[in-house]
Amino acid sequence: MSYRDLRNFTEMMRALGYPRLISMENFRTPNFPLVAEVLIWLVKRYEPNADLPMDVDSEQDRVIFIKSVAQFMATKAHIKLNTKKLYQADGYAVKELLKVTAMLYNAMKTNTGQQEEEQEEETTAMSFDISSRIADLKASRQLASEITTKGASLYDLLGREVELREQRSVAINKPLEINEIEKHLKVSIRAVEQEIKKTEQMLNNVASDEANLDAKISKKKLELERNRKRLQTLQSVRPAFMDEYEKLEEDLQKQYESYLQKFRNLGYLEQQLEEHNRTEQDKFEETENSLKRMQTLLKTETDKINLNDDEFEDVMVDEEEDDDEDDSEDDEIMTAGQMKPQRGGKADAQQQLQQQQRVFGSMTGPDSDDDDSETLSSGDSEIDVDDDDLDDDQSGDSEEMEISANPRRDRNNLNDSDNDF
């Protein structure tokens, strides 16, 4: 099989007027219906009156069809086709089909060439019909085949003419003897008489054979009648195990019905179980997704709280730095007061003591309740102002402690919420 063969076949079939369009891809795989259709069309184109089997459904029908087509083309068109390749119905079958199509195409081409010459000479349009010339072509080929066979037989006979001529001349020149002729006639008569006796014996034997056959036929008839009677008795008599068989059959029917019912129930329950498992799986996935969302929210909240703690620590550090600066300024003021001359005696000493207590009270607080009472009894308006400052400082410290305590409580709550999961 080649691309050129497929192309030539399709082009020739199109030129011959095949009604169906044949593609080059039709023979990539075995396509027996198309091959059968093409063969029928080619045979009908070659011989419209050809009788071919049209059934190609079964394997035997296909084999008969291929054989009949190959035999027809061999006898009528003298074209030898490979039946195996035709039965394959693939690209290898195209080569065999190409033999027939090439013959028809060449005949059409030559005829069209002659018609074109005639048209050029006579300037008349004439239609070409190959079907009208197929009968003449068939008769001419048949005569050619007969001539060749008869010529061959005549040649063989002429080759034996030398020997036959001598025998014929001897037989003609030999004188006739009456005794030998009588002898041969008597021998032939005896042979004929023996044959007649044999035929008579055979006729007698035929009569005896007829009698024997009649006896055998009567015997067989008697046996047939006995067997029929026996069959009727067997059919009329009910077997002993028939009742049990019927009971078992009824039980089997009941068991089969119960089996069908249980099987259907089992199928329904399995379906319900699958649906339940599916719903449970969906719920589980939803809970997992919700837990993941909650975890992400908690993580974002913890990150925000950590950021707030960091900002609070930065603020505390800044406040401590400010307090250190205030302490340094107070120390400088105290050193400046000590350098001044002492005036007023005991009152000045008490005033300095109160200043010292006020400076150190804002940072560390009183050591005991006695110190607080002394300061309250011995202080004046400045001490009252300092006490207010101390109250403000204590309230600020308590607020700072509450603020610092709240992140710890929030952390504990977050830890508890994580432990819940």
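Quick note: the sequence shown, position 334, residue 333 per numbering that gives the first Met the number 0, numbers continuous.
Ideal Cβ placement from N, Cα and C applies to all residues, glycine included.
I need the DSSP call for lysine 173, collapsed to helix, strand or coil.
Under the three-state reduction of DSSP output, lysine 173 falls in the coil class, being neither helix nor strand.
*Whose C-alpha, out of Phe31, Pro29, Asn30, Leu51, is nearest the C-alpha of isoleucine 39?*
Ranking the options by Cα distance to isoleucine 39, first place goes to Leu51.
Three-state secondary structure (DSSP) of aspartate 371: Unreliable placement is indicated for aspartate 371, whose pLDDT of 44 sits below 50; the coordinate value is still reported in the next sentence. DSSP places aspartate 371 in helix when its eight states are reduced to three.
Note to self: I'd like the span of the alpha helix (DSSP H) that includes glutamate 58, first residue to last.
What the structure shows: It spans 58-75 - the alpha helix (DSSP H) in which glutamate 58 sits, taken as one unbroken run.
Do three or more CB pairs link the stretch 84-95 to the stretch 41-56 at distances below 8 Å?
-> With the rule of 3 Cβ pairs closer than 8 Å, the stretch 84-95 does not count as touching the stretch 41-56.
- For the alpha helix (DSSP H) that contains asparagine 7, what are its first and last residues? Start and end: 2-15.
Inter-residue spacing [alpha-carbon to alpha-carbon] between aspartate 213 and glutamate 199
Approximately 21 Å, taken between the alpha carbons.
Worksheet item: How big is the Cα-Cα spacing for glutamate 10 and alanine 35?
Response: Each residue's Cα considered, the two are about 19 Å apart.
Check this for me: beta carbons of threonine 100 and leucine 33, under 9 Å apart or not? Taking 9 Å as the cut-off, the Cβ atoms of threonine 100 and leucine 33 do not count as close.
Thinking just about the alpha-carbon of each residue, which of Glu46, Arg44, Leu97, Asp250 is nearest to the one in threonine 4? Correcting the residue identity first, residue 4 is aspartate in this sequence and not threonine. The shortest C-alpha to C-alpha distance from aspartate 4 to any of Glu46, Arg44, Leu97, Asp250 is the one to Leu97.
With DSSP collapsed to three states, give me the class of arginine 410. Reliability fails at arginine 410, whose pLDDT of 48 lies under 50, so the model's placement of it is uncertain and the value that follows must be treated cautiously. Helix.
Practice problem: Report the rounded CA-to-CA distance for leucine 103 versus leucine 153, giving the unit in angstroms. | Solution: Using only the alpha carbons, I get a separation of about 34 Å.
Status (buried if at least 16 other CB within 10 Å, exposed otherwise) for phenylalanine 26:
Sixteen is the threshold: when 16 or more other Cβ atoms of the shown chains lie within 10 Å of the Cβ of phenylalanine 26, as they do, the residue is buried.
| Beta-carbon gap between leucine 15 and arginine 61 smaller than 9 Å | Result no, Cβ atoms of leucine 15 and arginine 61 do not sit closer than 9 Å.
### Task
Can you grab the Cα-Cα spacing for the pair glutamate 312 / threonine 295, in whole Å?
Roughly 26 Å separates the two Cα atoms.
Note to self: Between which residues of its own chain and isoleucine 21 is the CB-CB distance below 6 Å, once the five residues before and five after are set aside?
What the structure shows: So the qualifying residues of the chain are Thr9, Met12.
Exposure of methionine 315, with buried meaning 16 or more beta-carbon neighbours within 10 Å
By the neighbour-count definition (other C-beta atoms within 10 Å, threshold 16), methionine 315 is an exposed residue.
ask   = Taking the alpha carbon of proline 47 as the point to measure from, which residue in Arg132, Met201, Lys197 has its own alpha carbon closest?
value = When each option's Cα is compared against that of proline 47, the closest is Arg132.
- [ ] Determine the direct distance from the alpha carbon of lysine 79 to that of alanine 88, and round the result to whole angstroms.
- [x] Rounded to the nearest angstrom, the two C-alpha atoms are 17 Å apart.
Cα-Cα separation between lysine 228 and glutamate 222, rounded to whole angstroms: Straight-line Cα distance between these residues: approximately 10 Å.
- Beta-carbon contacts of threonine 286 that lie in its chain and below 8 Å, excluding the five residues immediately before and after: Shown here for threonine 286: not one same chain residue has a beta carbon closer than 8 Å to its own, the five before and five after excluded.
Note to self: Considering only the alpha carbon of each residue, which of Asn172, Val186, Ile171 lies closest to asparagine 178?
What the structure shows: From the listed residues Asn172, Val186, Ile171, the smallest Cα separation to asparagine 178 is found for Val186.
For arginine 6 and phenylalanine 64, what's the separation of their Cα atoms in angstroms? If you take the alpha carbons of arginine 6 and phenylalanine 64, they lie about 26 Å apart.
Cα-Cα separation between arginine 159 and alanine 49, rounded to whole angstroms = The C-alpha of arginine 159 lies about 41 Å from the C-alpha of alanine 49.
Next item on the list: Leaving out five residues on either side along the sequence, give the residues of the same chain with a beta carbon under 6 Å from the beta carbon of phenylalanine 31.
Entry: Here phenylalanine 31 has Ala88 as same chain residues with Cβ atoms under 6 Å from its own Cβ, once five neighbours each way along the sequence are excluded.
_What does the alpha-carbon distance come out to for the pair aspartate 308 and methionine 293?_
Rounded to whole angstroms, aspartate 308 and methionine 293 show a C-alpha spacing of 22 Å.
Worksheet item: What is the DSSP secondary structure of phenylalanine 31, reduced to helix, strand or coil?
Response: In the structure shown, phenylalanine 31 adopts helical secondary structure according to DSSP, grouped into three states.
- Query: How big is the Cα-Cα spacing for alanine 210 and lysine 220?
  - Reply: Straight across, the Cα-Cα distance linking alanine 210 with lysine 220 is about 15 Å.
Q | Coil, strand or helix - serine 22 by DSSP | A | Taken through DSSP and simplified to helix, strand or coil, serine 22 comes out as coil.
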